[in-house]
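Notes to accompany the following structure.
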Ligand code: AMP
Ligand code: GLY
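In the numbering used here, the protein residues as written are 130 to 550.
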């Protein structure tokens, strides 16, 4: 069958790479893709948010499965449109994508099913929100309800800072409609963990563990980013904890969504806080993590395509996935200045030499070809990924590959995986 992957980041490159190796895939398209994806797929110049264009392309090219990478087209209803037209899709409906598109909706689901999560209030007006802040005190977390490109969560150390955040969102229109409602919640302590499961509406199949590093600087310092690296397995997600997360968080969510008439189909990504061994849900995402997906795909031995089809068809009960025992680690190379303003267009050399190292795969995120040159076009640009018997060895290999890349316009953290090494 023909497969269409939507998106242009490292996550989508990893998905494209895995799908292009499937014995069931005759042709893989990527829209819009990037310079790396062009080596594994046919890139189509249609943006990930051009729902009309994507729908028309899938229809006229007889695409058998559309794999939607990022959250925005999911929240906008791309999966619904395709499914209504008889096209198979990996990714949830708009109603189910509210698990990422609305933090207040996720809290409602938690309330219905007693999923452990931070205590909270939700507000559309400033006065009651400020009363709540006074009552609860600081530190406290203020969140825009809707999608805010990862910038909608304000960790406020004082009530004053929290008040500024609330006013920015509700009065200052800081995030537009996404900030027209705010969720104010308890600041949880503990260690963060990510958890991924495939869900077909009814059955949830947990994936192996993977963890990212969100801060830009070594030692997990500095501003938040989309993720500066990731590794798998993540020692914090032990087998007993996996069982508890499935029982206490994932399964109740899957049942609640089905019960509400919006069954969840796709990958469900839970952001969790683990304190004294107890998981609490921080947030849901309705897509793979980026760059967590890159380490998951590196370790996946099974054919990805039948698994994604089983998610659509409701056949996960009969599916299991095989994984490499080896660990995987990915280092994000970002453009100088990221996550702030960064320069575009700088030339990158040495990617081929890095890719030639044993166990190494360089996934592309923000790259393009300018004539023969490979140039940076985004904030996160390359994901230098390695597979090796241990996380420590995967780390050594990944950094050898990083050092083979000649890109003065970029930087990376030097300590990815430190918690696990
Ligand atoms: P979210 O997008 O909701 O996952 O929030 C982004 C980041 O903010 C998370 O990865 C956490 O590091 C942090 N965070 C969010 N909510 C809380 C909370 N209630 N307590 C502590 N940290 C939080
Ligand atoms: N790496 C975090 C995310 O994809 O949201």
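No residue lacks a Cβ here, since even glycine has one placed at the ideal position from N, Cα and C.
The closest heavy atom of ligand 2 lies 6 Å or more from the beta carbon of residue 215. As a beta-bridge residue in DSSP terms, residue 246 pairs with 410. Secondary structure note for residue 331: it is in no beta strand (DSSP E), with a DSSP letter that is neither H nor E. For the 7 Å CB-CB criterion, residue 427 and residue 371 do not form a contact. Distance from the Cα of residue 474 is smallest, within the candidate group 329, 442, 536, for 536.
Counting other Cβ atoms within 10 Å of its Cβ, residue 351 stays below 16 and is therefore classed as exposed. The continuous beta strand (DSSP E) containing residue 398 extends over residues 394-404. Across the structure, residue 201 and residue 261 are spaced so that their CA atoms are roughly 31 Å apart. For residue 498, the uninterrupted beta strand (DSSP E) segment begins and ends at 496-499. At a cut-off of 6 Å, the beta-carbon of residue 418 counts as near ligand 2: some heavy atom of the ligand is closer than that. The distance from the Cβ of residue 153 to that of residue 434 is about 5 Å, consistent with a contact at the 8 Å cut-off. In this structure residue 411 does not touch residue 245 by the C-beta definition: roughly 11 Å separates them, more than the 8 Å allowed.
Following the DSSP letters along the chain, one finds residue 416 in no beta strand (DSSP E), marked with neither H nor E. The three-state reading of DSSP puts residue 366 in coil, since its state is none of H, G, I, E or B. Using a Cβ-Cβ distance cut-off of 8 Å, the segment 384-396 and the segment 355-372 are not in contact, since fewer than three pairs of beta carbons, one from each stretch, lie closer than that value. Restricting attention to 282, 472, 326, the CA atom closest to the CA of residue 393 is found in 326. Pairing residue 138 with residue 418, the inter-Cα distance amounts to about 11 Å.
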